[in-house]
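Chemist: Residue numbers (this note's numbering), protein chains in the order written: chain A, -7 to 280; chain B, -9 to 147.
Just so it is clear, CB atoms sit at the ideal spot from N, CA and C, and this is done for glycine as well.
What you are looking at is a predicted structure, and each value in this text was computed from that prediction instead of being measured.
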Amino acid sequence: MYKKFPGARYIAGGTDVMVKIKNRQLNPPALISLRSIPELSRIEIGETTRIGAMTTVSDLISHPELGSIFPLLVQAAKRLGSPQIRNAGTVGGNLCNCSPCADIALALLVLDARAVLKGSEGSREVPLEEFFIGPGESCLTSSEILTEFLLDKPSPFARTSFMKKGRVKMDLAIASVAALLEMDGNLCKKARLAAGSVAPRPLRLKKVEEMLENAAISKEMINEAQKIAMESVSPITDIRSTESYRRQIVGVYVKRTVQEILEPYQKLLRGVQGGGILEKSPPGRRRQ
Amino acid sequence: MEINFVLNGSEVTAAVEAHQRLIDVLRRPLGHTGTKEGCGEGECGACTVIIDGRAINSCLYPAPEVEGKKVTTIEGLQTIDNKLSIIQQAFVDQGGIQCGFCTPGMIMSTKALLDDNPDPTEEEIRAALVGNLCRCTGYVQIIDAVKSAAGKLKEKQ
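1) So with CB distances below 8 Å, who are the chain B contacts of residue 7(A)?
2) In chain order, what residues of the same chain have a beta carbon less than 7 Å from the beta carbon of residue 0(B), not counting five sequence neighbours either side?
3) Report the residue from 57(A), 79(A) and 20(A) whose alpha carbon sits nearest the alpha carbon of residue -2(A).
4) Could you list which residues in chain B have their beta carbon closer than 7 Å to that of residue 79(A), in chain order?
5) Whose CA, out of -5(A), 55(A) and 166(A), lies closest to the CA of residue 187(A)?
6) Could you round the C-beta distance between residue 39(B) and residue -4(B) to whole angstroms and report it? I think they count as a contact, below 8 Å.
7) Could you compute how far the alpha carbon of residue 199(A) sits from the alpha carbon of residue 221(A)?
8) List, in order along the chain, the chain A residues whose C-beta lies closer than 7 Å to that of residue 128(B)?
9) Closer than 8 Å, Cβ to Cβ, to anything on chain B: give me those residues from the stretch 38 to 53 of chain A, in chain order.
10) Would you tell me roughly how many angstroms separate the C-alpha atoms of residue 100(A) and residue 47(A), rounded to the nearest one?
11) How about residue 146(A) and residue 62(A): do their beta carbons lie closer than 8 Å?
12) Comparing C-alpha positions only, which one of 236(A), 164(A), 7(A) and 257(A) sits nearest to residue 210(A)?
13) Using beta carbons (cut-off 8 Å, strictly below), is residue 241(A) in contact with chain B?
14) What is the DSSP secondary structure of residue 266(A), counted as helix, strand or coil?
15) For residue 133(B), collect the residues of the same chain with a Cβ closer than 6 Å to its Cβ; drop the 5 residues on either side in sequence, then sort them by chain order.
16) Determine whether the Cβ of residue 62(B) lies closer than 8 Å to any Cβ atom of chain A.
17) Chain A partners of residue 11(B), CB-CB under 7 Å?
18) In chain order, what residues of the stretch 105 to 119 of chain B put their CB closer than 8 Å to some CB of chain E?
19) Among 21(B), 30(B) and 23(B), which one has its Cα closest to the Cα of residue 9(A)?
20) May I ask you to list, following chain order, the residues of the stretch 192 to 218 of chain A that have a beta carbon less than 9 Å from some beta carbon of chain B?
21) Do residue 23(A) and residue 0(A) have their C-beta atoms closer together than 8 Å?
22) Taking residue 231(A) as the query, report the chain B residues whose CB atoms sit under 7 Å from its CB, ordered along the chain.
23) Cα separation between residue 43(B) and residue 60(A)?
24) Roughly how many angstroms separate the alpha carbons of residue 72(B) and residue 98(B), rounded to a whole number?
Next comes the structure, spelled out in structure tokens:
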């Protein structure tokens, strides 16, 4: 198809592309719709779970098994847009739009997802982290499409958390954080954190991960993680928020997501260390 | 290109351009002007219609893609004898309408919710209507209208 219509634009759910066409930001000579290709919207659960790129966000949320295996993914999907947007918008579209604020991208990043890209030349698999290049820019070549994501079965010791700050509930994120910690007793075996809306692309917080991995996480370390997170992002000021507020929120959310994951271990840790590592959350309403 | 789909229960054929949005086809060639365009970018929900049982923004939906699908607009809700449907009547009775511009979208989102979940909690109602903005800000009455409609629909069954 692409060869027949050079310069054509692929369209998935249309919730981003249609706006850009209307605002004359895009003016493609042709649109190639991917909506009616059933192979692209399949979900297969197994040792490696495969999620078709054209799965709508609603189908992802309502899938009978996905929520219990990857609660983080469903949690992030629920925070994406409005019901109308979730009914039309797709998982692949959320990623290919390459917005730094993509909610599902954060979840897939911390779950170490791999993206399968297919083109006329064959197919290749890339870690999701290498998929994003900058705002609106992915590693897809013009003749390639994203067909599915691969997710390995998570460890039974992995726990996750997702927090998003929006101006109102359905809005794009001012800043957001997804976190996964794999705990063995009080030792953190694996840490994955990602932040949205605070860099040109959805960002893995590698320095925070390095610090937490293979360590017994203490209260001081969580405070340090907050500091490192604030230093490793490069947010901008725009219509939704300011650079400094976004930096602040990312720090706080890194702290809160880690605290939330560790909450069940708190009792255990108190026994071991003789003191809790978690601070009580401040009184008053906590809005996410 | 020519597309065929089911609009409010009857089969229709329309000539559309590849880049045309569903809302433009509904309003102009098909004359179903009950569906409103507010923001045109999926924020306000005034253009909400139901496609195959799901609420979507018709301002973001490419018209050629409704080929073979079932589309319901606000015009499809009234009863055969031209009376308001239960949901519409509930919006009138509860004062869930002020200027009325957001109402068709609100009602379509309500219908999609109640078809799927006949007994929603207030939280579920608010979550289902989060994509519909009312600039007169009469949200309290709108939520009341949805609750009242849910009750009346249950009574009817």
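Modeler: Judging by the given coordinates:
1) As a first step, residue 7(A) must be located in the first sequence, where it is residue number 15. Chain B residues near residue 7(A): 32, 47 and 50.
2) Taking the first residue of the second sequence as 1, we reach residue 0(B) at position 10. Result list for residue 0(B): empty, nothing under 7 Å.
3) The sequence position of residue -2(A) within the first sequence is 6, counting from 1. Checking every option, the nearest Cα to that of residue -2(A) belongs to 20(A).
4) In the first sequence, the residue the question calls residue 79(A) occupies position 87. 44, 45 and 46, listed in chain order.
5) As a first step, residue 187(A) must be located in the first sequence, where it is residue number 195. The residue with the shortest Cα to Cα distance from residue 187(A) is 166(A).
6) One-based indexing of the second sequence puts residue 39(B) at position 49. One-based indexing of the second sequence puts residue -4(B) at position 6. That pair is no contact at about 12 Å.
7) As a first step, residue 199(A) must be located in the first sequence, where it is residue number 207. As a first step, residue 221(A) must be located in the first sequence, where it is residue number 229. Between residue 199(A) and residue 221(A), the C-alpha separation is close to 8 Å.
8) Here residue 128(B) refers to the residue found at position 138 of the second sequence. Those within 7 Å of residue 128(B) in chain A number zero; the least Cβ separation is about 17 Å.
9) 50
10) Sequence index remark: in the first sequence, residue 100(A) carries index 108 (1-based). Sequence index remark: in the first sequence, residue 47(A) carries index 55 (1-based). Each residue's alpha carbon lies about 14 Å from the other.
11) Here residue 146(A) refers to the residue found at position 154 when the first sequence is read from its first residue. Here residue 62(A) refers to the residue found at position 70 when the first sequence is read from its first residue. Yes, these two residues count as a Cβ contact at 8 Å.
12) By 1-based counting over the first sequence, the position of residue 210(A) is 218. Checking every option, the nearest Cα to that of residue 210(A) belongs to 257(A).
13) As a working note, residue 241(A) is residue 249 in the first sequence. False, the Cβ-Cβ gap to chain B never drops below 8 Å.
14) Residue 266(A) sits at position 274 when you count from the first residue of the first sequence. A caution first: residue 266(A) carries a pLDDT of 46, below 50, which makes its placement in the model unreliable, though a value can still be read off. Residue state, collapsed to three classes: coil.
15) Position 143 of the second sequence, counted from the first residue, corresponds to residue 133(B). Counting only Cβ-Cβ distances below 6 Å, and skipping sequence neighbours, we find 115.
16) Position 72 of the second sequence, counted from the first residue, corresponds to residue 62(B). For residue 62(B), the answer is no, since every Cβ of chain A falls outside 8 Å of its Cβ.
17) Looking up residue 11(B) in the second sequence gives position 21. Here the neighbours are 10.
18) Going by chain labels, chain E is absent from the structure shown, which instead holds the protein chains A and B.
19) Residue numbering aside, residue 9(A) sits at position 17 when the first sequence is read from its first letter. Selected option, being the one with the closest Cα: 30(B).
20) none
21) The residue labelled residue 23(A) in the question sits at position 31 within the first sequence. The residue labelled residue 0(A) in the question sits at position 8 within the first sequence. Going by C-beta atoms, residue 23(A) is nearer than 8 Å to residue 0(A).
22) In the first sequence, the residue the question calls residue 231(A) occupies position 239. Within 7 Å Cβ-Cβ: nothing; residue 231(A) doesn't reach chain B, min ~13 Å.
23) Your numbering for residue 43(B) matches position 53 in the second sequence. Your numbering for residue 60(A) matches position 68 in the first sequence. Approximately 26 Å, taken between the alpha carbons.
24) On the second sequence, residue 72(B) is found 82 positions in, with the first residue counted as 1. On the second sequence, residue 98(B) is found 108 positions in, with the first residue counted as 1. Those two C-alpha atoms are separated by around 18 Å.
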